[in-house]
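Residue numbering for the sequence shown follows this note's numbering, starting at 37 and increasing by one per position.
All C-beta atoms, glycine included, are put in the ideal place defined by N, C-alpha and C.
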Amino acid sequence: MYRTKDFDYMKVLNTTGKKIGYIKDILIDFHESKVVGFLISPLSLFSKKQTVLMENVISINKVMIIKGNDKQSFICFKEIKDIEIFNLNGEMLGVLEDILIDSYSFTIKGLIVASGLIHKLLYGKNIILPSNCILGEDFILHHMEENKINLISIPHKSNHEGYYE
Numbered sequence: 037m038y039r040t041k042d043f044d045y046m047k048v049l050n051t052t053g054k055k056i057g058y059i060k061d062i063l064i065d066f067h068e069s070k071v072v073g074f075l076i077s078p079l080s081l082f083s084k085k086q087t088v089l090m091e092n093v094i095s096i097n098k099v100m101i102i103k104g105n106d107k108q109s110f111i112c113f114k115e116i117k118d119i120e121i122f123n124l125n126g127e128m129l130g131v132l133e134d135i136l137i138d139s140y141s142f143t144i145k146g147l148i149v150a151s152g153l154i155h156k157l158l159y160g161k162n163i164i165l166p167s168n169c170i171l172g173e174d175f176i177l178h179h180m181e182e183n184k185i186n187l188i189s190i191p192h193k194s195n196h197e198g199y200y201e
């Protein structure tokens, strides 16, 4: 699984090995719950930002290798990051902090919701499914029933057993 921070400022090369730039943002299709491409910031100050669709990505490792670029526009993740998430009762669940991306199909598997610094330290972050969400202009509506299973990421302590110096 990937998170968006795994792609931040990753180098982008073309098939001949020439450095194109670095990844500035992830392009997503929220309705289909998938990553459709990447926004690339070029090395030159006077060049425009380029988009690369997933079908033009050859390899993703420590660097990304692409075979071409496109001029289509999609929703960038940074445009919807920190957007508020509400449930059907109008209660705020938190803000969108990150997304979980499948490493093979590049589908969005989960939305990581943070509800504040203290709450995050004590109780962890919530993870909600994108299929249970509707993206609006000002907020995301989470339409899941309360009696369903909720996923959370809880901070944990390490007791350092098994470590030897």
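Item: Write down the C-beta distance between L75 and K85 rounded to the nearest angstrom, noting that I regard them as a contact closer than 8 Å.; Value: 6 Å
Item: Take the Cβ of G53 as the centre, count every other Cβ of all protein chains shown within 10 Å, and call the residue buried at 16 or more, exposed below.; Value: exposed
Item: Between the Cα of K117 and those of M37, I62 and V93, spot the shortest distance and give me the residue it belongs to.; Value: I62
Item: Can you give me the Cβ contacts of D138 inside the same chain, cut-off strictly under 7 Å, excluding the 5 residues immediately before and after it?; Value: M37 and K145
Item: Can you say whether H178 is buried or exposed, counting buried as having 16 or more other CB atoms within 10 angstroms of its CB?; Value: buried
Item: For N162, count neighbouring C-beta atoms within 10 Å of its own C-beta (all shown protein chains included) and say buried if the count is 16 or more, exposed if not.; Value: buried
Item: With DSSP run on the structure shown, which of helix, strand or coil describes D138?; Value: coil
Item: Determine, using beta carbons only, whether G73 and M100 come nearer to each other than 8 Å.; Value: no
Item: Based on DSSP bridge pairs, tell me the residues matched to Q86.; Value: I76
Item: Under three-state DSSP, which class holds F66?; Value: coil
Item: Which residues share a DSSP beta bridge with G130?; Value: I121
Item: According to DSSP, is D61 part of a helix, a strand, or is it coil?; Value: strand
Item: In whole angstroms, give me the CA-to-CA distance for I148 and I111.; Value: 18 Å
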